[in-house]
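Participant:
Okay, here's the thing in structure tokens:
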């Protein structure tokens, strides 16, 4: 009986959390630079498969980002940039430096290059101020205004992607100080493009369908167990 109770509770919790993650992915299917989240199970180690989890008590304790690149979207905008390959733009926030794949930038009232949330975009020399009209960026991130060199967009990568955690819609934070910034190999920055979301809508809808069915099944089992427990309690009176 206790086995059934724990198994049912575990199943409801796991599938409830999966629904939250899937719903978040679907909601961000059009968010620039968004990386789909994938749940991590406490009982999954090495190459364990779903079949091996049938008789265990499982729970989702975390969700990691899928850093597969999304196709670049062409805009022609001179403040839109896409990174080809690995790497992140570095931005300054009140909580410290953070990272993003969303290169859809703009200028604030002071002429600083900022994200859509107003966070300054960093170059190798710090915050970037643009005073001019003609903006161009070379593939290595070198930024020119009216043909005069200004700075190089700071693009970094990390050896351990598992330490790079989602922060909001399209920002990421490095959770391990020992996971130091490195220079991406074969860096290429494209102007006039930005990276879209890498959410695979078909996959998410299929997972949503199966997860909803599983959640409903565990909910039904939970009600059945409640009825059985109620009858046992009444019999003991």
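In our numbering, the protein residues as written are 2 to 238. Glycine included, C-beta positions come from ideal geometry on N, C-alpha and C. Treat the numbers as computed from the prediction; the structure is a model and nothing was measured.
Is the beta carbon of residue 1 less than 8 Å from the beta carbon of residue 156?
Facilitator: In the structure as shown, the chain starts at 2 and stops at 238, and residue 1 therefore has no counterpart that could be examined.
Participant: If you draw a straight line from the C-alpha of residue 39 to the C-alpha of residue 196, how long is it?
Facilitator: Using only the alpha carbons, I get a separation of about 20 Å.
Participant: Is the distance from the Cβ of residue 191 to the Cβ of residue 82 below 8 Å?
Facilitator: Yes, these two residues count as a Cβ contact at 8 Å.
Participant: Between residue 92 and residue 121, how many whole angstroms is the CB-CB distance? I'm expecting something under 8 Å.
Facilitator: The pair is a contact, with the Cβ atoms about 7 Å apart (cut-off 8 Å).
Participant: Output needed for residue 166: all residues of its chain with C-beta closer than 6 Å, excluding positions within five of it in sequence on either side, in chain order.
Facilitator: Same-chain partners within the cutoff: 174 and 176.
Participant: Which value, in whole angstroms, describes the spacing of the CA atoms of residue 125 and residue 153?
Facilitator: Approximately 6 Å, taken between the alpha carbons.
Participant: Enumerate in chain order the residues of its own chain whose CB-to-CB distance from residue 164 is below 7 Å, with the five nearest sequence positions on each side excluded.
Facilitator: So the list reads 175, 176, 177 and 180, once near-sequence residues are dropped.
Participant: In whole angstroms, give me the CA-to-CA distance for residue 128 and residue 161.
Facilitator: So the two alpha carbons sit approximately 26 Å from each other.
Participant: On the DSSP bridge list, what partners appear for residue 192?
Facilitator: The partner list for residue 192 (beta bridge, DSSP) reads 82.
Participant: Please classify residue 208: does DSSP put it in a helix, a strand, or coil?
Facilitator: Three-state result, residue 208: helix.
Participant: In whole angstroms, what is the alpha-carbon distance linking residue 202 and residue 27?
Facilitator: Straight-line Cα distance between these residues: approximately 7 Å.
Participant: For residue 88, report the span of its beta strand (DSSP E) as first-last.
Facilitator: Looking at the DSSP string, residue 88 is not in any beta strand (DSSP E), and its letter there is neither H nor E.
Participant: What are the start and end residues of each continuous beta strand (DSSP E) run of 3 or more residues lying completely inside the region 88–145, in chain order?
Facilitator: Counting only runs of 3 or more, we get 89–94, 97–101 and 136–138.
Participant: Run through DSSP, which three-state label would residue 27 get?
Facilitator: Residue 27 falls in the helix class under three-state DSSP.
Participant: Of all the options 101, 186, 113 and 117, which has the alpha carbon lying nearest to the alpha carbon of residue 131?
Facilitator: Among 101, 186, 113 and 117, the Cα nearest to that of residue 131 belongs to 113.
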